[in-house]
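In the working numbering, the protein residues as written are 732 to 978. Quick reminder that beta carbons are idealized off the backbone N, C-alpha and C, glycines included. Take a look at the structure set out below.
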Ligand code: SF4
Ligand code: SF4
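Here you go:
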């Protein structure tokens, strides 16, 4: 089992309730949380990234970790893995954030809201300087490494990533969202209406494998040539159907 990055963390942290993490971002959701979010009438963005075994050096543990949170799809005359991230759109701010900067659905807030500022990905170390929490929230409170509840929430989030992977891809296909960015090069960001996504989610039928043909969007000439050599279908030119966010 991959160790939680929380288990080795000796950083102190205490949330000061500033609400900064509830503004200007996408908040990843599990599939159940996506359903609840949509039923509240809020919008969910779909972020897609594709990869195969060439995305990391041979034998890298990142490949196994990401394979478990992805699903296989057909792309051109080959197949690859796609990770679908469903994320609450809290830009410019979360619809559940009150004027007092407190969460109005605190008892039901998503897992990621409970975990922040910790990282869920075991290959990303916590860096306080990259977080929105103010200086006074660090170096006070409990050691993050001794917080068993936080560790369990991180493990729960990773498990949901694995459990939901196939159904999230099926939902993307049902909505016609089949262009993914190449992992590490970018993310495609799709913004379906909450009504359309809720209908698609509630009428989703269980099936085992991908039924659509996917395309890859990338913005690097060498990468594009390499992907073409591997017989993947590429998305060319600009599109109004999604945003390409280059990394
Ligand atoms: S659900 Fe609550 S904790 Fe999560 S981003 Fe919205 S206001 Fe913040
Ligand atoms: S940004 Fe940090 S300190 Fe502020 S509410 Fe979010 S978790 Fe708490």
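- Item | CB of residue 911 within 8 Å of CB of residue 779, strictly | The residue given as residue 911 occupies position 180 in the chain shown. The residue given as residue 779 occupies position 48 in the chain shown. Contact flag set, yes.
- Task: Return yes when the C-beta of residue 848 is under 7 Å from any heavy atom of ligand 2, and no when it is not.
- Result: Along the chain shown, one-based indexing puts residue 848 at 117. Within the cutoff, so yes.
- Can you name the start and end residues of the alpha helix (DSSP H) that residue 794 belongs to? As a first step, residue 794 must be located in the chain shown, where it is residue number 63. It spans 792-799 - the alpha helix (DSSP H) in which residue 794 sits, taken as one unbroken run.
- Message: With a threshold of 7 Å on Cβ separation, who are the neighbours of residue 746 within its own chain once the five nearest residues in sequence on each side are excluded?
- Response: Working through the chain shown from its first residue, we reach residue 746 at position 15. Closer than 7 Å at Cβ, skipping near neighbours: 868.
- Any idea what DSSP makes of residue 787, helix, strand or coil? For the purposes of this step, residue 787 is identified with residue 56 of the chain shown, where counting begins at 1. Residue 787 falls in the coil class under three-state DSSP.
- Query: Which runs of the alpha helix (DSSP H) fall wholly inside the segment 803-886 and span at least 4 residues, in chain order?
  - Reply: 842-846
- Task: Excluding the 5 residues preceding and the 5 following residue 766 in the sequence, name in chain order all residues of the same chain whose CB lies nearer than 7 Å to its CB.
- Result: Translated into the one-based positions of the chain shown, residue 766 becomes position 35. Closer than 7 Å at Cβ, skipping near neighbours: 932.
- Given a threshold of 16 other Cβ atoms within 10 Å of its Cβ, counted over all protein chains shown, does residue 896 qualify as buried or as exposed? In the chain shown, the residue the question calls residue 896 occupies position 165. Result: buried.
- Compare the C-alpha of residue 916 against each of 860, 958, 825 and 791 and name the closest. Here residue 916 refers to the residue found at position 185 of the chain shown. Residue 958 is the option with its Cα nearest to residue 916.
- Query: Taking Cβ positions, are residue 741 and residue 876 nearer each other than 8 Å?
  - Reply: Counting from 1 along the chain shown, the entry for residue 741 is found at position 10. Counting from 1 along the chain shown, the entry for residue 876 is found at position 145. Cβ atoms of residue 741 and residue 876: closer than 8 Å.
- Message: For residue 764 and residue 834, what's the separation of their Cα atoms in angstroms?
- Response: Reading the chain shown from its first residue, position 33 is the one you call residue 764. Reading the chain shown from its first residue, position 103 is the one you call residue 834. So the two alpha carbons sit approximately 16 Å from each other.
- Report yes or no: do three or more beta-carbon pairs, one from the segment 798-818 and one from the segment 896-907, lie closer than 8 Å? yes
- How would you call residue 732, buried or exposed, if buried means at least 16 neighbouring beta carbons within 10 angstroms? Looking up residue 732 in the chain shown gives position 1. Caution is warranted here: a pLDDT of 44 is assigned to residue 732, below 50, making its placement in the model unreliable, and no coordinate value can be reported.
- Item | 7 Å Cβ shell around residue 734 - same chain, five flanking residues per side excluded | Working through the chain shown from its first residue, we reach residue 734 at position 3. Residue placement at residue 734 is poorly supported in this model, since its pLDDT is 49, which falls under 50; the coordinates still yield a value, given next. So the qualifying residues of the chain are 853.
- Does ligand 3 have a heavy atom nearer than 7 Å to the CB of residue 885? Ligands displayed in this structure: ligand 1 and ligand 2; ligand 3 is not among them.
- Cβ of residue 1042 within 8 Å of Cβ of residue 871? The requested residue 1042 is not part of the displayed model; the chain covers only 732 to 978.
- Message: Using only CA atoms, which one of 792, 845 and 805 lies nearest to residue 878?
- Response: Residue 878 sits at position 147 when you count from the first residue of the chain shown. The residue with the shortest Cα to Cα distance from residue 878 is 845.
- Message: Going by C-alpha to C-alpha distance, which of 791, 883 and 862 sits closest to residue 749?
- Response: Locating residue 749 in the chain shown gives position 18, counting from the first residue. Residue 862 is the option with its Cα nearest to residue 749.
- Would DSSP call residue 933 helix, strand or coil? To locate residue 933, count along the chain shown from 1; it is residue 202. Looking at residue 933 - three-state DSSP - the assignment turns out to be helix.
- When burial is assigned at 16 or more other CB atoms within 10 Å of the CB, is residue 883 buried or exposed? Residue 883 sits at position 152 when you count from the first residue of the chain shown. Under this definition residue 883 is an exposed residue.
- Going by Cα to Cα distance, which pick from 919, 865, 804 and 960 is closest to residue 898? Here residue 898 refers to the residue found at position 167 of the chain shown. The shortest C-alpha separation from residue 898 is found at 804.
- What does a CB cutoff of less than 7 Å around residue 738 pick up in its chain, not counting 5 residues either side in sequence? Here the question's residue 738 lines up with position 7 in the chain shown. Confidence is the limiting factor: at residue 738 the pLDDT is only 47, short of 50, which leaves the residue's position unreliable and the question unanswerable from this model.
- Item | Nearest-angstrom Cβ-Cβ length linking residue 851 and residue 889, presumed shorter than 8 Å | In the chain shown, counting from the first residue as 1, residue 851 sits at position 120. In the chain shown, counting from the first residue as 1, residue 889 sits at position 158. Yes, they are in contact, since the Cβ atoms of residue 851 and residue 889 sit about 6 Å apart, within 8 Å.
- Mind checking residue 771: buried by the 16 CB within 10 Å criterion, or exposed? As a working mapping, residue 771 is identified with position 40 in the chain shown. Per the 10 Å Cβ criterion, exposed.
- Express the C-alpha separation of residue 920 and residue 976 in angstroms, rounding to a whole number. Within the chain shown, the letter at position 245 stands for residue 976. Within the chain shown, the letter at position 189 stands for residue 920. Using only the alpha carbons, I get a separation of about 7 Å.
- Leaving out five residues before and five after residue 935 in sequence, what residues of the same chain have Cβ atoms less than 8 Å from its Cβ? The count along the chain shown starts at 1 and reaches residue 935 at position 204. Excluding residues within five positions, the ones whose Cβ falls inside 8 Å are 898, 901, 902 and 905.
- Residue interval of the beta strand (DSSP E) (run including residue 780): Position 49 of the chain shown, counted from the start, is the residue given in the question as residue 780. Residues 775-782.
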